[in-house]
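Undergrad:
Number of protein chains: 2
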Amino acid sequence: MPSGTLLYAQSGGVTAVINATASAVIQTARKRKVKVLAARDGILGVLREQLIDTSKESIADIRALAHTPGGAFGSCRLKLKSLEEDRAKYERLIDVFRAHDVRWFLYNGGNDSADTALKVSRLAAEYDYPLHCIGVPKTIDNDLALTDCSPGFGSAAKYTAVSVREAALDVAAMAETSTKVFIYEAMGRHAGWLAASAGLAGEGPDQAPHLILLPERTFDEADFLAKAKSTVERVGYCVVVASEGIRDADGRFIADAGGRTDSFGHKQLGGVASHLAGRVQDTLGYKVHWALPDYLQRSARHLASRTDLEHAQAVGTAAVEYALDGMNAMMPVIVRTADAPYAWKVEAAPLSKIANKEKTLPAGFIRRDGYGITAKARAYLGPLIHGEAPPPYGADGLPRYVTLKNVAVPALLAPWHE
Amino acid sequence: MPSGTLLYAQSGGVTAVINATASAVIQTARKRKVKVLAARDGILGVLREQLIDTSKESIADIRALAHTPGGAFGSCRLKLKSLEEDRAKYERLIDVFRAHDVRWFLYNGGNDSADTALKVSRLAAEYDYPLHCIGVPKTIDNDLALTDCSPGFGSAAKYTAVSVREAALDVAAMAETSTKVFIYEAMGRHAGWLAASAGLAGEGPDQAPHLILLPERTFDEADFLAKAKSTVERVGYCVVVASEGIRDADGRFIADAGGRTDSFGHKQLGGVASHLAGRVQDTLGYKVHWALPDYLQRSARHLASRTDLEHAQAVGTAAVEYALDGMNAMMPVIVRTADAPYAWKVEAAPLSKIANKEKTLPAGFIRRDGYGITAKARAYLGPLIHGEAPPPYGADGLPRYVTLKNVAVPALLAPWHE
């Protein structure tokens with residue numbers, strides 16, 4: 001049994017399959033006889049020395065993580081700044097690692113987390129503390145550099161494509177006397193990957209979604225409204241998928257129209273879909289409906305992509321192997337070796353080439369008119385939603401999601417003051 | 001082969017399983033060697049003499065209807081008024097029936113449709129036209145009288161409970177540094193059945209959903225905000241499920257706060273969840289997120305309840321049998337014969353006892369504090385989400401939903417002027 005502890009932490013927004021990565025990490029480490037601690041609420045739990053002893057969990061519960069959405073140990077939104085600005089925090093991390101004999105640190109997150117893992121690894125070297133830092137990819141935004149895709153994205157993409165296809169059937173059935181324009185708001189503040197994946201729901205100019213609004217293209221309201229109108233006149237209705245990150249020519253987020261006030265004099269929270277719905281109704285006079293799935297799109301484990309699940313498990317397994325085999329400042333990434341039939345493998349990539357980068361939709365994925373996706377995009381996106389991996393359901397008709405015991409490891413250091 | 005035609009029409013908002021009813025209607029009628037026409041866009045298609053010849057569809061496609069959401073022939077929102085006020089329309093219906101030898105009329109809808117079917121049956125009798133009118137129950141609102149539940153509701157309820165359970169896991173994982181209050185808006189303008197069904201996602205004071213806002217109870221903002229605050233302080237986060245139909249003490253719909261204007265000076269469409277989110281953020285200062293699934297909740301065939309699907313098929317089959325056996329002005333309803341294990345049967349009930357009635361949540365289903373459901377509600381709701389009935393998926397990772405050919409029957413009458 002190797003001496004030392006492996007510490008696993010989740011970071012940033014959770015996904016339908018990040019716990020599948022955690023499950024693979026813990027199972028692989030157990031096979032290698034390595035003790036695994038998990039940080040409560042991500043890096044915050046390291047700073048606070050709130051660690052969880054995963055050896056207290058049954059193997060059945062660890063396996064059940066693979067079909068449970070959310071973040072089993074808690075995650076957090078906490079971006080560490082530069083080593084200079086946040087030195088005290090980085091040093092505290094090393095102190096906690098040292099106190100608990102952490103030799104392997106696995107940080108499961110997106111761009112920011114890759115950056116944090118890289119900095120931690122540099123500081124450890126500076127202090128001569130023997131630590132192997134491995135980033136583990138995860139984000140529904142699919143904006144991580146180098147990796148062909150990010151675990152979590154495929155399931156959110158499948159949710160998006162299926163939901164848009166289903167809602168479009170509803171709209172089509174009712175359009176003659178009811179809603180003519182339906183707007184679905186997809187997550188993606190800077191990159192349009194999820195909105196683009198809605199394009200898989202249909203093909204050709206008359207199939208929904210008819211208009212996809214991507215943050216990679218400037219939003220032109222007049223042009224959008226004209227296209228919505230001509231679609232309604234041609235098809236009978238219009239299904240729009242809008243990325244939350246679209247901006248106008250002045251660079252203003254449409255979602256931040258801001259300062260809305262309702263009749264009670266209260267500020268109103270907005271969003272892209274609600275704003276566009278108002279504009280369609282006011283200018284075109286159509287009945288309009290809109291959906292904002294919000295967290296539903298990133299927690300819909302019931303509709304996970306099997307491909308995505310397999311990616312999530314594979315990067316978890318590889319991350320443990322990389323760490324125990326002595327790699328440092330690396331991340332297992334997904335490499336596509338063929339589109340059709342889809343084939344992929346996991347390879348190691350340096351965190352320095354991933355940290356703080358952001359991958360947006362390539363121009364070649366966006367239809368010339370800006371409102372749809374190309375065959376190239378379909379070839380890329382298609383395989384990522386392939387296959388189903390439903391969770392087991394209980395006799396009560398609900399998925400059997402597991403809740404871990406999350407037994408705390410006693411703190412050894414003085415409390416940390418934020 | 002009985003002489004005459006059976007006409008089937010869908011009415012009002014569609015559901016995840018209304019096509020399963022259509023599938024059962026057509027299959028049962030085919031077995032009895034009866035010709036089935038379907039009205040395009042519901043009763044509007046009858047008025048316009050836009051009828052579809054279902055004999056042109058393959059048996060495989062008719063079977064596939066059972067796993068396809070939306071309304072395969074189109075539905076409509078068109079409430080006929082009294083026989084006096086809308087006499088010309090009722091007479092037109094009889095004219096179209098006569099022209100196409102329609103002897104059996106099956107109208108698949110909610111309260112209003114039951115009323116229409118009843119009136120049509122009365123007018124036919126008045127004109128000595130031999131017609132058997134059968135209402136077929138359907139509505140995600142579950143507000144139909146007499147029947148134990150309405151086909152379509154169970155699947156929407158399952159979608160609601162599963163989605164809230166999944167989103168709650170997301171919120172729980174992130175609450176320490178991110179969203180503390182999450183608000184899910186459920187359909188149900190007058191009855192809180194869907195919001196109540198979210199209660200199946202958890203049990204006890206600390207499990208999500210923590211607060212359910214029902215239209216059957218007056219919304220008291222100060223009390224709601226105090227409860228949200230105490231929940232966050234106790235649990236770390238608060239998941240709220242709000243029915244779109246909640247009203248304040250003056251009877252005003254919270255969703256109709258109305259008159260919102262954004263910073264561009266445009267009117268903003270609102271909703272209950274967006275309004276409540278603004279109030280929580282402004283008064284409690286918590287980070288808040290909200291979801292509005294809108295049509296997704298009534299078209300999510302991928303997450304249908306098997307029980308609901310079986311109900312939908314059974315009422316379709318029974319409706320054809322009732323009609324062909326000579327019943328008139330009746331509706332097949334679901335009768336519950338036992339809670340645990342759940343048992344049910346279909347019985348005939350007179351449309352006169354169903355038309356224009358609205359079934360709201362019984363007081364005994366609502367927790368004393370007004371923000372949750374009772375054991376009695378769980379016993380009622382639980383069985384309705386039992387069992388899964390996923391659609392087949394294609395190699396592309398998407399459900400294989402069918403699109404019918406919908407071949408038009410040539411019109412025999414002069415065009416109708418609305």
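Taken in order, these protein sequences are the chains called A and B.
For the first sequence, position 29 (counting from the first letter as 1) is numbered 29 according to full-length UniProt numbering, and the numbering increases by one without interruption.
For the second sequence, position 77 (counting from the first letter as 1) is numbered 77 according to full-length UniProt numbering, and the numbering increases by one without interruption.
Ideal Cβ positions, reconstructed from N, Cα and C, are used throughout, including at glycine.
Excluding sequence positions up to five away, which residues of its chain have a Cβ less than 6 Å from the Cβ of Thr283 of chain B?
TA: Leu225
Undergrad: If you draw a straight line from the C-alpha of His417 of chain A to the C-alpha of Ala411 of chain A, how long is it?
TA: 14 Å
Undergrad: Whole angstroms are fine: how far does the CA of Gly13 of chain A sit from the CA of Gly397 of chain B?
TA: 25 Å
Undergrad: Short of 7 Å Cβ to Cβ, which residues in the region 77-105 of chain A face chain B?
TA: Arg77 and Leu78
Undergrad: What residue range does the alpha helix (DSSP H) around Ile43 of chain B cover?
TA: Ile43 to Leu47
Undergrad: Mind pulling the chain A residues with CB within less than 9 Å of Arg301 of chain B?
TA: Chain A residues near Arg301 of chain B: Glu166 and Leu169.
Undergrad: Answer with yes or no whether the minimum CB distance from Pro137 of chain B to chain A is below 7 Å.
TA: no
Undergrad: Evaluate contact between the region 288-308 of chain A and the region 152-161 of chain A, counting only Cβ atoms and requiring at least three cross-stretch pairs below 8 Å.
TA: yes
Undergrad: For chain A, find out if any of its Cβ atoms is closer than 7 Å to the Cβ of His386 of chain B; answer yes or no.
TA: yes
Undergrad: Take Lys79 of chain B and list the residues in its own chain whose beta-carbon comes closer than 6 Å to its own, dropping the five residues that flank it on each side.
TA: Answer for Lys79 of chain B: Asp112, listed in chain order.
Undergrad: In chain order, what are the residue ranges of uninterrupted alpha helix (DSSP H) at least 4 long that sit wholly in the region 11-61 of chain B?
TA: Restricted to the region 11-61 of chain B, the alpha helix (DSSP H) segments that are unbroken, complete and at least 4 residues in length are 18-31 and 43-47, listed in chain order.
Undergrad: So, with DSSP's three-state summary, where would you put Asp339 of chain A?
TA: strand
Undergrad: Hey, which unbroken runs of the alpha helix (DSSP H) at 4 residues or more fall wholly within the region 135-203 of chain A?
TA: 153-174 and 193-197
Undergrad: Show which residues of chain B have a CB atom less than 9 Å away from the CB atom of Leu200 of chain A.
TA: Asp396, Gly397 and Leu398
Undergrad: Determine the chain B residues that contact Ser305 of chain A at a beta-carbon separation under 7 Å, and present them in chain order.
TA: Gly397
Undergrad: Using a C-beta to C-beta distance shorter than 8 Å, which residues of chain B count as neighbours of His289 of chain A?
TA: Asp294 and Tyr295
Undergrad: Who does Thr5 of chain A pair with in a DSSP beta bridge?
TA: A:Lys35 and A:Val102
Undergrad: Here's the rule: buried if 16 or more other CB atoms are within 10 angstroms of the residue's CB, otherwise exposed. What is Pro341 of chain A?
TA: exposed
Undergrad: Is Tyr393 of chain B close to chain A, meaning its C-beta is less than 7 Å from at least one C-beta of that chain?
TA: yes
Undergrad: Would you verify that the beta carbon of Val14 of chain A is, or is not, closer than 7 Å to some beta carbon of chain B?
TA: Taking 7 Å as the threshold, the shortest C-beta distance from Val14 of chain A to chain B falls below it.
Undergrad: For Glu49 of chain A, go through chain B and note every residue whose CB falls closer than 8 Å to its CB, in chain order.
TA: Ordered by position in chain B, no residue passes the 8 Å Cβ test against Glu49 of chain A, which lies about 15 Å from the chain.
Undergrad: What residues in the region 144-168 of chain B bring their beta carbon closer than 7 Å to a beta carbon of chain A?
TA: Lys158, Ala161, Val162, Ser163, Arg165, Glu166 and Ala167
Undergrad: Compute the beta-carbon to beta-carbon distance between Tyr393 of chain A and Glu388 of chain B, rounded to the nearest angstrom, for a pair I have assumed lies under 8 Å.
TA: Beta-carbon to beta-carbon, Tyr393 of chain A and Glu388 of chain B are separated by about 6 Å, close enough to satisfy the 8 Å threshold.
Undergrad: Since Gly71 of chain B meets chain A, which of its residues come closer than 9 Å, beta carbon to beta carbon?
TA: Leu169, Asp170, Ala172, Ala173 and Met174
Undergrad: Could you tell me which whole beta strand (DSSP E) segments of length 3 or greater appear in the region 268-318 of chain B?
TA: DSSP runs (the beta strand (DSSP E)) wholly in the region 268-318 of chain B: 288-291.
Undergrad: Could you give the DSSP three-state label for Glu233 of chain B: helix, strand or coil?
TA: helix
Undergrad: Quickly, what does DSSP pair Cys238 of chain B with across the bridge? List them, please.
TA: B:Val181
Undergrad: Assign Glu85 of chain A to buried or exposed, taking buried as 16 or more other Cβ atoms, counted over all protein chains shown, within 10 Å of its Cβ.
TA: Counting every other CB atom within 10 Å of its CB across the protein chains shown gives Glu85 of chain A a total below 16, marking it as exposed.
Undergrad: On the DSSP bridge assignment, give the partners of His132 of chain A in chain order.
TA: DSSP output for His132 of chain A lists A:Trp104 as bridge partner(s).
Undergrad: Quick check on DSSP: helix, strand or coil for Ser243 of chain A?
TA: In the three-state DSSP reduction, Ser243 of chain A falls in the strand class (E or B).
Undergrad: At what residues does the beta strand (DSSP E) containing Leu211 of chain B begin and finish?
TA: Leu211 to Leu213
Undergrad: Taking the alpha-carbon positions, what's the Leu123 of chain A to Lys287 of chain A distance?
TA: 58 Å
Undergrad: Quick one: does Gly74 of chain A have its CB under 7 Å from some CB of chain B?
TA: yes
Undergrad: Going straight from the alpha carbon of Gly372 of chain A to that of Tyr401 of chain A, what length do you get?
TA: Approximately 36 Å, taken between the alpha carbons.
Undergrad: Looking at the secondary structure, which residues open and close the alpha helix (DSSP H) in which Arg77 of chain A lies?
TA: First-last for Arg77 of chain A: undefined, no H or E at that position.
Undergrad: Please check if any C-beta of chain A sits within less than 7 Å of the C-beta of Thr177 of chain B.
TA: yes
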